[in-house]
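Chains as they are written, first to last, in the numbering used here: chain Y, -4 to 174; chain X, 58 to 188.
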Amino acid sequence: MHFAICDFLLDMIQNSVEAGASTIAVGVIEEGGVLDAYVEDDGKGMDELELERAKDPFYTDGKKHPGRRMGLGIPFLLQSLEIAGGSYELRSRKGEGTSLSFRFPADGIDTPPTGDLAGLFLSAMCFDGDYELKVLRRAPARDVGYEIRRSEILDAVGDLSDAGALLAAREFLASQEAS
Amino acid sequence: MAKMNLEQLRKLREEKKGDMVRRNVEGKNIQIIVGMGTCGIAAGAKQTFDEIVKAVEENKISADVIIRQTGCMGLCYVEPTVEIVMPGMPATIYGRVDVSIAREIVAKHVVGKTLVENHIYDRPAVDIVKS
């Protein structure tokens, strides 16, 4: 089971990358006692049956893990939302993409910790492939609010497979999160 | 901490480039790949990844090293997993790589060219996996 909300989000973004998305939008908004988050992609999408199955922990398309009958990414998130009294919307269209949004009560006793958002956004930019990641972040109570794209970071620091580039990008993202 | 803008990020990156010590003229030929699937994330692969980045920088080998993330490598029971591909060493998959083992792998395997015992695993053999 994942520890923090950031872990769920990274898992969902990794799904989007594997679904061949060329643009992925991720947002984390903390406002009015609620933590709202979303991941939207233009990847290969799912039909209605596949979408229902994605919520089943004992289903996978069998391509990633031949011989195994498990797919825990989305089920982990749904279980955590149910425990904490959160809610979600999961929509998908075959060939067009998938969008997932969810919200947790910010001070719920069963709400997972938010986690390391700067680390999340950096990791989300580090997968192989040529995709755009659009980050939207708002937490007005902490005076945090920014938008950044993967292409902007790559343009500033170069390839993110380099330790120096990773450290610089991390410092940049951490400074955006500082209140 | 003051919020940086993209220009400051560019400057910071240029400064860090100056610290690099380039050992191989032929370019980057050491690959460190961290498994970042559901299993890896649940086991703490993000922390492992961060520690590898730090250790690579501290050992001043970032000019030679490529750090990548991938999905599940098929070894969910020993996550976090890290694969290292480099000249002079067999391609190796390490499992149960927590923060301290990550540091040890960079220092011993990548820099010292010595295997780190008790953490070496391999992919499941294809002939025993039913598809």
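For glycine and all other residues, C-beta sits at the position ideal for the given N, C-alpha and C.
Note that the coordinates shown come from a computational prediction; the quantities given were computed from them, not determined experimentally.
Would residue i pass as a contact of residue j if the rule is Cβ separation under 8 Å?
i                : j                : result
Leu178 (chain Y) : Cys1 (chain Y)   : The structure shown does not extend to residue 178 (chain Y), since chain Y is modelled only from -4 through 174, so no value can be given for it.
Ala20 (chain Y)  : Lys129 (chain Y) : yes
Thr171 (chain X) : Tyr151 (chain X) : no
Val113 (chain X) : Ala163 (chain Y) : no
Tyr33 (chain Y)  : Leu95 (chain Y)  : yes
Glu91 (chain Y)  : Val139 (chain Y) : no
Ser11 (chain Y)  : Gly40 (chain Y)  : no
Arg132 (chain Y) : Val23 (chain Y)  : yes
Val173 (chain X) : Ile87 (chain X)  : no
Glu136 (chain X) : Ala159 (chain X) : no
Leu44 (chain Y)  : Ile98 (chain X)  : no
Arg70 (chain X)  : Ala160 (chain Y) : yes
Put residue i into one of helix, strand or coil per three-state DSSP.
i                : result
Ser75 (chain Y)  : helix
Tyr70 (chain Y)  : Checking the displayed sequence, the identity of residue 70 (chain Y) turns out to be Pro instead of Tyr. The answer is helix: DSSP assigns Pro70 (chain Y) an H, G or I state.
Leu132 (chain X) : coil
Leu112 (chain Y) : helix
Asn81 (chain X)  : Per-residue confidence for Asn81 (chain X) stands at a pLDDT of 49, beneath the threshold of 50, marking its modelled position as unreliable; the derived number appears in the next sentence. Asn81 (chain X): coil per DSSP, three-state reduction.
Pro100 (chain Y) : strand
Arg70 (chain X)  : helix
Glu25 (chain Y)  : strand
Asp31 (chain Y)  : strand
Val173 (chain X) : coil
Phe106 (chain X) : helix
Val154 (chain X) : coil
Phe167 (chain Y) : helix
Ser188 (chain X) : Model confidence at Ser188 (chain X) stands at a pLDDT of 48, short of 50, so the residue's coordinates are unreliable and nothing is read from them.
Phe235 (chain Y) : The requested residue 235 (chain Y) does not occur in the structure, where chain Y is confined to residues -4 to 174.
Gly159 (chain Y) : helix
Gly97 (chain X)  : helix
Phe3 (chain Y)   : helix
Taking the alpha carbon of residue i as the point to measure from, which residue in the options has its own alpha carbon closest?
i                : options                                  : result
Glu108 (chain X) : X:Val156, X:Val167 and X:His176          : X:Val156
Pro135 (chain Y) : Y:Ala(-1), Y:Ser17, Y:Leu149 and Y:Glu26 : Y:Glu26
Ser146 (chain Y) : Y:Arg132, Y:Glu166 and Y:Gly124          : Y:Gly124
Ala102 (chain X) : X:Glu72, X:Met130 and X:Val142           : X:Met130
Pro107 (chain Y) : Y:Gln9, Y:Ser174, Y:Val29 and Y:Ala151   : Y:Val29
Glu84 (chain Y)  : Y:Leu46, Y:Asp111, Y:Gly110 and Y:Gly103 : Y:Leu46
Leu112 (chain Y) : Y:Ser87, Y:Ile143, Y:Asp102 and Y:Pro100 : Y:Ile143
Val122 (chain X) : X:Leu132, X:Cys133 and X:Pro144          : X:Pro144
Cys121 (chain Y) : X:Ile89, X:Glu64 and X:Thr149            : X:Ile89
Asp102 (chain Y) : Y:Arg86, Y:Asp154 and Y:Gly80            : Y:Gly80
Pro100 (chain Y) : Y:Asp51, Y:Leu168, Y:Asp31 and Y:Arg86   : Y:Asp31
Tyr178 (chain X) : X:Val163, X:Gly169 and X:Cys133          : X:Cys133
Ile118 (chain X) : Y:Ser156, Y:Leu149, Y:Lys50 and Y:Asp42  : Y:Ser156
Quick one: what's residue i bridged to in DSSP?
i                 : result
Asp36 (chain Y)   : Y:Ile19 and Y:Thr93
Lys129 (chain Y)  : Y:Ala20 and Y:Arg144
Pro147 (chain X)  : In the DSSP output, where bridge partners are listed per residue, Pro147 (chain X) has none listed.
Glu84 (chain Y)   : Y:Ser96
Ile90 (chain X)   : X:Arg125 and X:Glu140
Ala134 (chain Y)  : Y:Val139
Phe(-2) (chain Y) : DSSP, once it has assigned bridges, lists no residue as partnering Phe(-2) (chain Y).
Just to check my reading of the structure: residue i and residue j have Cβ atoms closer than 8 Å, yes? What is that Cβ distance to the nearest angstrom?
i                : j               : result
Phe53 (chain Y)  : Leu76 (chain Y) : Not quite, the Cβ-Cβ distance comes to about 19 Å (not below 8 Å), so this is no contact.
Gly128 (chain X) : Glu13 (chain Y) : 6 Å
Tyr126 (chain Y) : Thr18 (chain Y) : 7 Å
Phe3 (chain Y)   : Phe71 (chain Y) : 7 Å
Gln9 (chain Y)   : Gly94 (chain X) : 7 Å
Do we get a CB-CB distance below 8 Å when we pair residue i with the residues of chain B?
i                : result
Gly169 (chain X) : Reference to chain B is not applicable here, since the protein chains of this structure are Y and X.
Cβ of residue i within 7 Å of any heavy atom in the ligand NAD?
i                : result
Lys117 (chain X) : Absence of the ligand NAD is noted for the structure shown, with no ligands found whatsoever.
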